[in-house]
Amino acid sequence: MELTFLGTAGPRGWPQPFCICASCLGCTGSAVREPSCVLVDGTLLIDCGPEPAHAAARASRPLTGVRHLLLTGPAEAAPLAWLPAAGLELVAAPSGPPAGLPAPTAGGPPWQTVEPGAEFAVGAHRVRVLPGGSPGRVAYAVTGPGGSRLLYIPSSRLAPEADTARSWADGRPYDAVLLDVVAWPERLAALRREGAVTEETDVLAVHLSHEAPPGEELTRRLAAWGARAVADGGVVRLGSDPDPQPVRPHRTLVLGGARSGKSVEAERRLAAVPDVLYVATGGTRDRDPEWAERVAAHRDRRPATWSTAETTDLASLVTTATVPLLVDCLSLWLTAVMDECNAWDDDAWQASAREAVRKRVDELAAAWRGCRVPLVAVSNEVGSGVVPATASGRRYRDELGRLNAAVAEESDEVLLVVAGQALTLRGLPRKPRHARN
Ligand SMILES: [Zn+2]
51 MELTFLGTAG
61 PRGWPQPFCI
71 CASCLGCTGS
81 AVREPSCVLV
91 DGTLLIDCGP
101 EPAHAAARAS
111 RPLTGVRHLL
121 LTGPAEAAPL
131 AWLPAAGLEL
141 VAAPSGPPAG
151 LPAPTAGGPP
161 WQTVEPGAEF
171 AVGAHRVRVL
181 PGGSPGRVAY
191 AVTGPGGSRL
201 LYIPSSRLAP
211 EADTARSWAD
221 GRPYDAVLLD
231 VVAWPERLAA
241 LRREGAVTEE
251 TDVLAVHLSH
261 EAPPGEELTR
271 RLAAWGARAV
281 ADGGVVRLGS
291 DPDPQPVRPH
301 RTLVLGGARS
311 GKSVEAERRL
321 AAVPDVLYVA
331 TGGTRDRDPE
341 WAERVAAHRD
351 RRPATWSTAE
361 TTDLASLVTT
371 ATVPLLVDCL
381 SLWLTAVMDE
391 CNAWDDDAWQ
401 ASAREAVRKR
411 VDELAAAWRG
421 CRVPLVAVSN
431 EVGSGVVPAT
441 ASGRRYRDEL
451 GRLNAAVAEE
461 SDEVLLVVAG
471 QALTLRGLPR
481 KPRHARN
């Protein structure tokens, strides 16, 4: 099955017309994206923008062979002035033709209103209509003549209905899934949980718009989710593409100052993973309402399917983990370890605590190196500001610096979050495979 991406943006494109937001102003040249529109094997069009023919001509895939159009939303949402001239055999949509379009009897295309559950053949392809995840929308599962399977999920900007991943899955993984992964990475997590998306599935971002970060950060964020975006005009051949999937970082360390957005970034990095073990390393702090409030805020942000562990024996947990881990955070872990080793006391520090703390850090770094599950850890970046007034404060600052360096050394991706912006210190961007024309 050959997919030509004539458009990969949301309904208004990216940049949105006349929008002066930072994302739109930064979206120029080859980054410009038309509304999502995918040409399948040169004969079947899924969704469309106002000028699919021009986009197709630019991609050297003229639309002259197209006989069928599948619309995922109300026809009013798609500018269809070009439609009567296209000579289609069928337009399938969850609603009827919009006013102003000629009826089939007057030269307009034959229109078929579809509902979830419908199944029909269009040329050599079989189409199954699935719930769209939002009111008035449908998704399409398309099986090609060679057996390749594609799932196209509509734009998710509307309020999502209850979890529809179960109805998208049918016991077999798809070869490609096209969805609004930036808006709803949790849907990708649900598809993984249902077995509809596996490591073999090519996850392609569509419906992109100015909510997405511009430039390389989009590539990095998608890669963390096991997804990628192709540029408009890109061609993807399912089942015969020799390029590897985007390499997902295995161990990510997210550094940042207080309230920098580092925890949000760490959680976002794992948002497309179905089952994550959140590791709280700070232990419980009785009679500290501010601390309780922070813990509750973290808990509210996390998906309900994530589980939680509270431990300071981090090395053992990292070694034995069987599901992806989110460790938040290493600086609290160090505090707890220094408590356990009596490391705040100057005499104890000199006598034996220094050695004990550093042994724990070495054990953790070794566990990091051998970790077999995806792992994202948060830590505080300190030491650039005011020198702590006390010896124990300076000791903590120094040991945290050593800990961060040791863990970063064993991580394949290291991010520094400043004012909510993730800077890559190590690792990605690795260029994901790019579609070939
Ligand atoms: Zn904008």
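Sequential numbering from 51 applies to the sequence shown in the working numbering.
Just so it is clear, CB atoms sit at the ideal spot from N, CA and C, and this is done for glycine as well.
Just so we're clear, the structure is a prediction, and the values are computed from it rather than from any experiment.
In the three-state DSSP reduction, residue 272 falls in the helix class (H, G or I). The set of residues with any CB-heavy atom separation to ligand 1 below 5 Å comprises, in chain order, 66, 69, 71, 74, 260. CA-to-CA, the gap between residue 195 and residue 90 works out to about 11 Å. With a contact defined as Cβ atoms closer than 8 Å, residue 456 and residue 377 miss out at about 14 Å.
Following the DSSP letters along the chain, one finds residue 118 inside the beta strand (DSSP E) bounded by residues 118-120. For residue 435, the closest C-alpha among the options 353, 424, 423, 451 is that of 451.
Within the stretch 403-459, the beta strand (DSSP E) runs of at least 3 residues that lie entirely inside it are, in chain order, 425-430.
Taking C-beta separations shorter than 6 Å and ignoring five residues to either side along the sequence, the partners of residue 257 in its chain run 60, 86, 205, 230, following chain order. DSSP lists 141 as the bridge partner or partners of residue 161.
8 Å or more divides the Cβ of residue 251 from the Cβ of residue 220. Residue 327 has its alpha-carbon roughly 45 Å from the corresponding atom of residue 100. The stretch 339-348 makes no contact with the stretch 393-408, as fewer than three CB pairs between them are under 8 Å.
Here DSSP, grouped into helix, strand and coil, assigns residue 188 to strand. Within the same chain, and ignoring the five residues on either side of residue 200 in sequence, the residues whose Cβ sits closer than 6 Å to its Cβ are 192, 226. In the DSSP assignment, residue 237 falls within the alpha helix (DSSP H) that extends over 235-243.
Looking at the DSSP output, residue 463 shares a beta bridge with 302. In this structure, DSSP gives residue 54 an extended state, which the three-state scheme calls strand. Contact between residue 425 and residue 375 is confirmed by a C-beta separation of about 5 Å, below the 8 Å threshold. According to the DSSP assignment, residue 169 belongs to the beta strand (DSSP E) that extends over 169-172. Remark: three or more beta-carbon pairs, one from each stretch, lie closer than 8 Å, so the stretch 64-84 and the stretch 259-274 are flagged as touching. In the three-state reduction of the DSSP assignment, residue 179 falls in the strand class, which pools E and B.
For the pair residue 239 and residue 373, the Cα-to-Cα distance works out to about 13 Å. For the 8 Å CB-CB criterion, residue 460 and residue 415 form a contact. In the structure shown, residue 383 adopts helical secondary structure according to DSSP, grouped into three states.
For residue 357, the enclosing beta strand (DSSP E) stretches over residues 357-360. Under a 10 Å Cβ-count criterion, residue 152 is classified as exposed, with fewer than 16 other Cβ atoms of the shown protein chains found around its own Cβ.
One alpha carbon belongs to residue 203, the other to residue 95, and they sit about 14 Å apart. Excluding residues up to 5 positions away in sequence, 304, 306, 428, 467 lie with their Cβ nearer than 6 Å to the Cβ of residue 312 in the same chain.
The Cβ atoms of residue 172 and residue 118 lie closer than 8 Å to each other. Its Cα nearest to that of residue 158, the residue 149 stands out among 198, 248, 149.
Residue environment analysis places residue 186 among the exposed positions, since fewer than 16 neighbouring C-beta atoms fall within 10 angstroms of its C-beta.
Annotation: the continuous alpha helix (DSSP H) that includes residue 314 extends over 312-319.
In the three-state scheme derived from DSSP, where H, G and I count as helix and E and B as strand, residue 226 is classed as strand. At the C-beta level, residue 120 and residue 142 come within 8 Å of one another. In this structure, the straight-line span from the alpha carbon of residue 154 to that of residue 135 is close to 12 Å. Around the Cβ of residue 137, a 10 Å sphere holds fewer than 16 other Cβ atoms; the residue is exposed.
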